[in-house]
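Count the sequence shown with the UniProt record's numbering and you get residues 1 to 465, in order. In this text, a Cβ means the ideal position worked out from N, Cα and C, and glycines have one as well. Computed from a predicted model, the values in this text were never measured in an experiment. Structure first, then comments.
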Amino acid sequence: MTPARVTGTPGRTRVLVAGGGITGIAAAHRLRELLGPDAEIIVAEQSMRLGGKIRTVDFAGRPVEAGAESLLAARPEAIDLARAVGLGDALVHPSGLKPALSLGGELVDFPAGHMMGIPGDPADVAAIANAKERPDTGLPILGPGQDLSVGELVRARLGDDVLDRLVAPMLAGVYAGDVDRLSVRAVMPQLAAALEHHARLTEAVQEIKRPATGKPVFATVDGGLERLVTATSAAARAEIRLGMTVRELRQTAAGWEVVTGPVPDPVKVTADAVLLAVPAKPAADLLRAVAPEAAAALSGVAYASVALAAFAFDRIELPERSGFLTPASEGKTVKAATFASKKWPHLGRRRQIVRVSMGRLGEEALLQHDDATLAKTALRELGEHLGQRLPEPVEQRIDRWGGALPQYAPGHNARVAAAREALARHRGIAVAGAAVDGVGIAACIASGRAAADQIAASLPPVTEK
Ligand SMILES: Cc1cc2nc3c(=O)[nH]c(=O)nc-3n(C[C@H](O)[C@H](O)[C@H](O)COP(=O)(O)OP(=O)(O)OC[C@H]3O[C@@H](n4cnc5c(N)ncnc54)[C@H](O)[C@@H]3O)c2cc1C
1 MTPARVTGTP
11 GRTRVLVAGG
21 GITGIAAAHR
31 LRELLGPDAE
41 IIVAEQSMRL
51 GGKIRTVDFA
61 GRPVEAGAES
71 LLAARPEAID
81 LARAVGLGDA
91 LVHPSGLKPA
101 LSLGGELVDF
111 PAGHMMGIPG
121 DPADVAAIAN
131 AKERPDTGLP
141 ILGPGQDLSV
151 GELVRARLGD
161 DVLDRLVAPM
171 LAGVYAGDVD
181 RLSVRAVMPQ
191 LAAALEHHAR
201 LTEAVQEIKR
211 PATGKPVFAT
221 VDGGLERLVT
231 ATSAAARAEI
241 RLGMTVRELR
251 QTAAGWEVVT
261 GPVPDPVKVT
271 ADAVLLAVPA
281 KPAADLLRAV
291 APEAAAALSG
301 VAYASVALAA
311 FAFDRIELPE
321 RSGFLTPASE
331 GKTVKAATFA
341 SKKWPHLGRR
351 RQIVRVSMGR
361 LGEEALLQHD
371 DATLAKTALR
381 ELGEHLGQRL
391 PEPVEQRIDR
401 WGGALPQYAP
411 GHNARVAAAR
421 EALARHRGIA
431 VAGAAVDGVG
441 IAACIASGRA
451 AADQIAASLP
461 PVTEK
């Protein structure tokens, strides 16, 4: 079928953003700031909702997160965006309770002053593992630009026990990843920079651990993180097209032709520029004909899948913790749990809400189990971790996030830089989002905004058109 053509209004700049997750929406918002009220900004989103990995649901009478649950407040982007779109008063912070480590059926404290589970104090290394830090060679641990996996780094410097019992559970909580396949430069960029002038890993951790400012490190939005997506989208005044898959890109003398829409009913959209805020696989597919080097770099990004179970209990005694993480060596399906109603006071304590996370890289088959089986496993193991027989939950739900968490292998940053160099040869195209610049929401917002800046800089001033 010949695609229907949709062209822009003469004299008006048109930018198409592919992907309506937080990256695409934050990019659209920034494009509006930069291009002014007349620009046409289209967000093409394949699914029937905005938000991507951000999804708030009504659960046990409360707005509860079915995907991402918190914003990093220690860096400015997410908080600044929330304030800019009118949600400053809705920002709320966690109770300050700490997560525990579940080891051998007991909940124990993480060492204070760690960075993603890597202790900053050699005494904590000895305490957890009866291990010792490798002696100082006098040489910096990383050369300029050198990269290695978190597994290689921690195993060599602090030993297997610190890696397996502290660092791996932390990284599994964020990336659901394999420590031997996660790049230090990509997942801990500040630590990588410090390792260029430290010969001891604990000293590098001490350098970057900020002294406690008393300010909360995390935040969320009362009413749910999806409010951030909705408010940002409204402020962007973009044309949101749901159910619109971007399937092909072609560069033309005037800009870009984008084939979107369902296969039987395609629509061709022309645009001055295109911003890709989609996961690595669709981004690579779209770029294959335009910039094959960029496509090759992106197609190498693997993804891990996770399943979340949420339970609401009327009567349950939970420890005074925000939740727990557990090492793979404990042999459990559950890798982490959040005691949501203890962690987030704004949720209230009328009912206790617990979110349980299952699935590490390579455990995709887990997602094939039906909801009842996943819920049963999660509940049984939760009871084992807590050392108690749990009451029947009053409500439960399962959310599957297939291929949701990108895995940055060693050399990721260099591959992304090379992809961007290849794209720079084509005017008006940029990539952004969790596939390239960091999985956290704050990092995605920063990435979307930076890509919008780059797109805006590449466009001719409107008066010249
Ligand atoms: C279970 C879970 C918990 C998490 N918890 C946290 C947390 O607490 N804090 C935190 O900071 N981060 C968390 N994260 C990570 C964070 O949520 C994500 O990395 C981030 O939201 C990704 O945003 P994005 O816009 O880059 O990608 P996505 O959210 O994946 O959005 C991409 C969008 O592109 C669309 N799309 C794909 N292909 C096409 C196409 N061809 N055409 C058009 N549209 C397309 C998709 O439908 C999707 O909506 C979590 C992630 C998961 C899965």
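Residue i: CB within 7 Å of a non-hydrogen atom of ligand 1
i, result
"residue 256", "no"
"residue 347", "no"
"residue 279", "yes"
"residue 245", "yes"
"residue 68", "yes"
"residue 18", "yes"
"residue 393", "no"
"residue 282", "yes"
"residue 23", "yes"
"residue 263", "no"
"residue 46", "yes"
"residue 509", "Residue 509 lies beyond the stretch modelled for the chain, which goes from 1 to 465, so this question has no answer here."
"residue 201", "no"
"residue 53", "yes"
"residue 81", "no"
"residue 405", "yes"
"residue 344", "no"
"residue 378", "no"
"residue 433", "yes"
"residue 195", "no"
"residue 219", "no"
"residue 269", "no"
Beta-carbon contacts of residue i that lie in its chain and below 7 Å, excluding the five residues immediately before and after
i, result
"residue 155", "163"
"residue 226", "51, 54, 55, 56"
"residue 148", "184, 410"
"residue 464", "Unreliable placement is indicated for residue 464, whose pLDDT of 43 sits below 50; the coordinate value is still reported in the next sentence. Around residue 464: no qualifying Cβ."
"residue 229", "22, 25, 50, 51, 54"
Residues bridged to residue i (per DSSP)
i, result
"residue 258", "249, 269"
"residue 460", "Residue 460 is not bridged to any residue."
"residue 308", "357, 399"
"residue 183", "149"
"residue 63", "58"
"residue 303", "406"
"residue 323", "99, 338"
Residue i - DSSP class collapsed to helix/strand/coil
i, result
"residue 342", "helix"
"residue 468", "No answer is possible for residue 468: the residues shown for the chain start at 1 and end at 465."
"residue 335", "strand"
"residue 361", "coil"
"residue 48", "coil"
"residue 445", "helix"
"residue 85", "coil"
"residue 204", "helix"
"residue 465", "In this prediction, residue 465 scores a pLDDT of 40, lower than 50, which makes its location untrustworthy; the coordinate-derived value is nonetheless stated afterwards. Coil, per DSSP."
"residue 151", "helix"
"residue 100", "strand"
"residue 115", "strand"
"residue 520", "Because the chain is modelled from 1 through 465, residue 520 falls outside the range shown and cannot be assessed."
"residue 241", "strand"
"residue 54", "coil"
"residue 380", "helix"
"residue 371", "helix"
"residue 408", "coil"
"residue 220", "strand"
"residue 430", "strand"
Sequence-distant residues of its chain with Cβ nearer than 6 Å to residue i (five each side left out)
i, result
"residue 173", "325, 336"
"residue 329", "164"
"residue 30", "449, 452"
"residue 19", "277, 278"
"residue 293", "422"
"residue 138", "199"
"residue 102", "324, 326, 385"
"residue 74", "217"
"residue 236", "28, 29, 32"
"residue 284", "295, 298, 299"
"residue 134", "157"
Heavy atom of ligand 2 within 7 Å of residue i beta-carbon
i, result
"residue 366", "In terms of ligand content, the structure shown lacks ligand 2 and carries ligand 1 instead."
Sequence-distant residues of its chain with Cβ nearer than 8 Å to residue i (five each side left out)
i, result
"residue 481", "Here the chain has residues from 1 to 465 only, and residue 481 is not among them."
"residue 288", "295"
"residue 263", "247"
Worksheet item: Any contact of the stretch 336-347 with the stretch 414-421, i.e. 3+ C-beta pairs under 8 Å?
Response: Counting Cβ pairs under 8 Å, fewer than three are found: no touch.
Worksheet item: Three or more C-beta pairs closer than 8 Å, one from the stretch 224-242 and one from the stretch 92-99: is that the case here?
Response: Too few Cβ pairs lie closer than 8 Å, so no.
Discussion item. Does the contact criterion of 3 or more C-beta pairs under 8 Å hold for the stretch 32-41 versus the stretch 436-444?
Written reply: By the Cβ criterion, the stretch 32-41 is not in contact with the stretch 436-444, since fewer than three pairs of Cβ atoms, one from each stretch, lie closer than 8 Å.
Item to complete: Please determine if the stretch 203-217 and the stretch 250-260 are in contact, where contact requires at least 3 C-beta pairs separated by less than 8 Å.
Response: At 8 Å Cβ cutoff, the stretches do not touch.
Practice prompt. Determine contact between the stretch 379-395 and the stretch 180-195, defined as no fewer than three beta-carbon pairs at a distance below 8 Å.
Written response: They do not touch, by the three-pair rule.
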